[in-house]
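Q: Protein chains in written order, with the numbering used here: chain A, 1 to 292; chain B, 1 to 292.
Ideal Cβ placement from N, Cα and C applies to all residues, glycine included.
Note that the coordinates shown come from a computational prediction; the quantities given were computed from them, not determined experimentally.
Protein chains: 2
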Amino acid sequence: MAPAFGKIVVCGVGLIGGSFALALKAAGAASQVCGIGRSRATLDEALSRGLIDRVGACDAATLGDADLVLLATPVGQMPQLMQAMAPHLGERSVVTDGGSTKGDVIAAARRFLPRQLGRFVPAHPIAGAENSGAAAARADLYAGRKVVLTPLPENDADALARVRAAWIACGAEVHEMAPDRHDQVFAAVSHLPHLLSFALVHELAGREDREEFFRFAASGFRDFTRIAASHPEMWRDICLANRTALLGELERYQGQLETLHRALLEQDAAAIEAVFAEARTVRRAWDEGKLS
Amino acid sequence: MAPAFGKIVVCGVGLIGGSFALALKAAGAASQVCGIGRSRATLDEALSRGLIDRVGACDAATLGDADLVLLATPVGQMPQLMQAMAPHLGERSVVTDGGSTKGDVIAAARRFLPRQLGRFVPAHPIAGAENSGAAAARADLYAGRKVVLTPLPENDADALARVRAAWIACGAEVHEMAPDRHDQVFAAVSHLPHLLSFALVHELAGREDREEFFRFAASGFRDFTRIAASHPEMWRDICLANRTALLGELERYQGQLETLHRALLEQDAAAIEAVFAEARTVRRAWDEGKLS
Numbered sequence: 001m002a003p004a005f006g007k008i009v010v011c012g013v014g015l016i017g018g019s020f021a022l023a024l025k026a027a028g029a030a031s032q033v034c035g036i037g038r039s040r041a042t043l044d045e046a047l048s049r050g051l052i053d054r055v056g057a058c059d060a061a062t063l064g065d066a067d068l069v070l071l072a073t074p075v076g077q078m079p080q081l082m083q084a085m086a087p088h089l090g091e092r093s094v095v096t097d098g099g100s101t102k103g104d105v106i107a108a109a110r111r112f113l114p115r116q117l118g119r120f121v122p123a124h125p126i127a128g129a130e131n132s133g134a135a136a137a138r139a140d141l142y143a144g145r146k147v148v149l150t151p152l153p154e155n156d157a158d159a160l161a162r163v164r165a166a167w168i169a170c171g172a173e174v175h176e177m178a179p180d181r182h183d184q185v186f187a188a189v190s191h192l193p194h195l196l197s198f199a200l201v202h203e204l205a206g207r208e209d210r211e212e213f214f215r216f217a218a219s220g221f222r223d224f225t226r227i228a229a230s231h232p233e234m235w236r237d238i239c240l241a242n243r244t245a246l247l248g249e250l251e252r253y254q255g256q257l258e259t260l261h262r263a264l265l266e267q268d269a270a271a272i273e274a275v276f277a278e279a280r281t282v283r284r285a286w287d288e289g290k291l292s
Numbered sequence: 001m002a003p004a005f006g007k008i009v010v011c012g013v014g015l016i017g018g019s020f021a022l023a024l025k026a027a028g029a030a031s032q033v034c035g036i037g038r039s040r041a042t043l044d045e046a047l048s049r050g051l052i053d054r055v056g057a058c059d060a061a062t063l064g065d066a067d068l069v070l071l072a073t074p075v076g077q078m079p080q081l082m083q084a085m086a087p088h089l090g091e092r093s094v095v096t097d098g099g100s101t102k103g104d105v106i107a108a109a110r111r112f113l114p115r116q117l118g119r120f121v122p123a124h125p126i127a128g129a130e131n132s133g134a135a136a137a138r139a140d141l142y143a144g145r146k147v148v149l150t151p152l153p154e155n156d157a158d159a160l161a162r163v164r165a166a167w168i169a170c171g172a173e174v175h176e177m178a179p180d181r182h183d184q185v186f187a188a189v190s191h192l193p194h195l196l197s198f199a200l201v202h203e204l205a206g207r208e209d210r211e212e213f214f215r216f217a218a219s220g221f222r223d224f225t226r227i228a229a230s231h232p233e234m235w236r237d238i239c240l241a242n243r244t245a246l247l248g249e250l251e252r253y254q255g256q257l258e259t260l261h262r263a264l265l266e267q268d269a270a271a272i273e274a275v276f277a278e279a280r281t282v283r284r285a286w287d288e289g290k291l292s
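1) With H, G and I counted as helix, E and B as strand and the rest as coil, what does DSSP make of Gly6(B)?
2) For the segment 71-136 of chain B, list the alpha helix (DSSP H) runs that are entirely contained and at least 4 residues long, ordered along the chain.
3) Taking Cβ-Cβ distances shorter than 9 Å, what residues in chain B pair up with Lys146(A)?
4) Can you give me the start and stop residues for the alpha helix (DSSP H) that Gly220(A) sits inside?
5) By the criterion of Cβ-Cβ separation under 7 Å, what are the contact partners of Glu273(A) in chain B?
6) Thinking C-alpha only, which one of Phe20(B), Gly14(B), Gly12(B) and Leu15(B) is nearest Arg164(B)?
7) For Ile36(B), tell me which candidate among Lys25(B), Ala23(B), Ala66(B) and Ala30(B) has the shortest Cα-Cα distance.
8) When burial is assigned at 16 or more other CB atoms within 10 Å of the CB, is Ser48(B) buried or exposed?
9) Taking 6 Å as the limit between beta carbons, can you name the residues of its chain near Ala245(A), skipping five residues before and five after?
10) Residues of the segment 77-90 of chain A in Cβ contact with chain B at a cutoff of 8 Å, in chain order, please.
11) Anything in chain B within Cβ reach of Phe224(A), meaning under 9 Å, just list it in chain order.
12) Where do the N-terminal and C-terminal ends of the alpha helix (DSSP H) with Leu149(B) fall, by residue?
13) For a test of your reading of the model: does the CB of Phe20(A) fall under 6 Å from any non-hydrogen atom of the ligand MG? Yes or no.
14) Taking any Cβ of chain B, which residues in the segment 61-77 of chain A have a Cβ under 7 Å from it, in chain order?
15) Indicate whether at least one CB of chain A lies closer than 7 Å to the CB of Glu203(B).
16) Please state the DSSP three-state secondary structure of Cys58(B).
17) With C-beta atoms as the reference, is Asp237(B) less than 7 Å away from Val75(B)?
18) How about Glu173(B): is its C-beta nearer than 7 Å to some C-beta of chain A?
19) Shortest alpha-carbon distance to Ala285(A) belongs to which of Cys11(B), Gly144(B), Leu70(B) and Arg222(B)?
20) Any C-beta of chain A within less than 9 Å: which residues of the segment 180-191 of chain B qualify?
21) Between the alpha carbons of Thr281(B) and Ala269(B), how many angstroms are there, rounded?
22) Can you tell which of Thr101(B), Ala277(B), Gly220(B) and Thr225(B) has the C-alpha that lies nearest to the C-alpha of Cys239(B)?
23) In this structure, how does DSSP classify Leu257(B) when only helix, strand and coil are distinguished?
24) So with CB distances below 9 Å, who are the chain A contacts of Gln267(B)?
25) Taking DSSP's pairing of strands, which residues face Glu343(B) in a bridge?
26) Under a three-way DSSP split, which group does Asp170(A) fall into?
27) Taking 7 Å as the threshold (beta carbon to beta carbon), is Leu264(B) in contact with chain A?
28) Taking the Cβ atom as the reference point for each residue, do Glu154(B) and Gly118(B) lie within a distance shorter than 7 Å?
29) Counting only the same chain and skipping the five closest in sequence on each side, list residues whose C-beta sits under 6 Å from that of Leu204(A).
30) So Val148(A) packs on Ile168(A), CB below 8 Å; how close in whole Å?
31) Could you tell me whether the Cβ of Val282(B) comes closer than 7 Å to any Cβ of chain A?
32) Using a cut-off of 7 Å between C-beta atoms, extract the partners of Phe276(B) located in chain A.
33) Going by other Cβ atoms of all chains shown within 10 Å of its Cβ, with 16 needed for buried, is Leu265(A) buried or exposed?
34) Between which two residues does the beta strand (DSSP E) carrying Ala30(B) extend?
35) Taking His194(B) as part of the alpha helix (DSSP H), name the residues at either end of that continuous run.
36) Per DSSP, what are the beta-bridge partners of Val69(A) in this structure?
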């Protein structure tokens, strides 16, 4: 059986793009993978690790006969990338992306890929990791993970089906959501926790006597702040790209802290316990897959 | 060689008290362990698991000849416990505790154990866990963990040495701090993160459409909210017991969030990245033991 895809082009061969390439090749779903990137060193590493078969460029030779193009750069670089590739994409090339935010990526596509909107299917693989870069890529990154597609009204049914098939070939569980809803949900469950974790470590880091604080930080602190070791530029871009939804979530959270602050001031034990108890009940139910 | 301690009395045979008993017995440092508690079922479980040798009560028979007494109940119950045991403690009984907060425990000791202050040495073993109760107790809970002693000016040198020796026999690394400083440090690195984690889950838990949010929550959320599965009453007590320090830390954190809120509103990419980058640098250094 011939592979489902002929030539795949991956723009940005880091964790997301490199793992997509490896997974499709491992599944026998791609006959050729071509990589595009800003850093020659990264592309060479991707070549030597077998993530890609060859290095391409943002030109007709690379893109004109591409079956499927994945944009896997930081979201901040996508508008420029779309603009650069627009003239060179083939008539049949289907484009998807791996960005953590969708509203901004879609706005960029409407601006820079207006003629290709039917074949641009936005996607968000939920498979981040603290480590990034080509060295962290692996064929099973998406196995059993969720990928959210946020199709556009303009999308061709065939393009949508092909993008869905590609992610399923990677082993992912594919969901669909409206872009706005996607951005709100991920602002709440991903972007805000990252911001909160960075904020806690930053607050302590700025103290003259920080060493004594960190010396006694234990496993709870370790878990809570694990995501504060994430990539600063990437998360800056995500927070800015999704700032409207994130500001809404941040304000709701600030309201929660105000409530708890007041309860502490007033020594309102019942109010504090009610917050903690509901959180624990729901957190445990979620962990056990019993949340409804 | 005779054990370092004759009779040990553990008040509250949960994770902290039960593990202390097991560790001392495993080290051959106690000849007899007697348990006191409010729940007969818990005491029976502690007996059947060998955490304690027998069940005692808050009376002269149990406490009069005790070498070492550990208060291992939730901190909210300690004042009442101290009051109940005060008339029965022996002249040579040394008392310590396992509370996560020290200012309130010391205040209770000054009120209810005024004649025993020389032999009451406050302690905080840094060995929490999501699970609590006698069933979670284990002999190696304290191995390699930190225990902070916050000695009182009134403490006998001998009592301090004996409490130190007991925790060292449990395998712990013993530190000393002033009580106020202890409470500030733990408000920052433990109590505040718990409050923040509970608050995030609670905020989402109250939404009608919460299921969709939790469905897409991934590993970052899982780590960040692990401590939101902690014991609600225990953490309510800790937050109230240490409310002055916790309010100070919470207000500093709210200030951080204000700064990030403003930076997001103003799309100040440099300010956001500066916060995230410093947090990541310090978090990684801490993880690698290179923080100075």
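A: Judging by the given coordinates:
1) strand
2) 78-85 and 103-112
3) Arg215, Phe216 and Ala218
4) Ser219 to Phe224
5) Pro232, Glu233 and Arg236
6) Phe20(B)
7) Ala66(B)
8) exposed
9) Asp183, Gln184 and Ala187
10) none
11) Pro193, His194, Leu196, Ser197, Asp223, Phe224, Thr225, Arg226 and Ile227
12) It is not in any alpha helix (DSSP H) - Leu149(B) instead sits in the beta strand (DSSP E) that spans Lys146 to Leu149.
13) No copy of the ligand MG occurs in the structure displayed, which carries no ligand at all.
14) none
15) yes
16) coil
17) yes
18) no
19) Arg222(B)
20) Arg181, His182, Gln184, Val185, Phe186, Ala188, Val189 and Ser190
21) 18 Å
22) Thr101(B)
23) helix
24) Leu240 and Arg243
25) No statement about residue 343(B) is possible, as the shown extent of chain B runs from 1 to 292 and does not include it.
26) It is worth fixing the name first, because residue 170(A) is Cys in this sequence and not Asp. Coil at Cys170(A), not helix or strand.
27) yes
28) yes
29) Arg210 and Phe213
30) That pair is no contact at about 13 Å.
31) yes
32) Phe198, Pro232, Trp235 and Arg236
33) exposed
34) Ala30 to Ile36
35) Leu192 to Ala205
36) Val9(A) and Val95(A)
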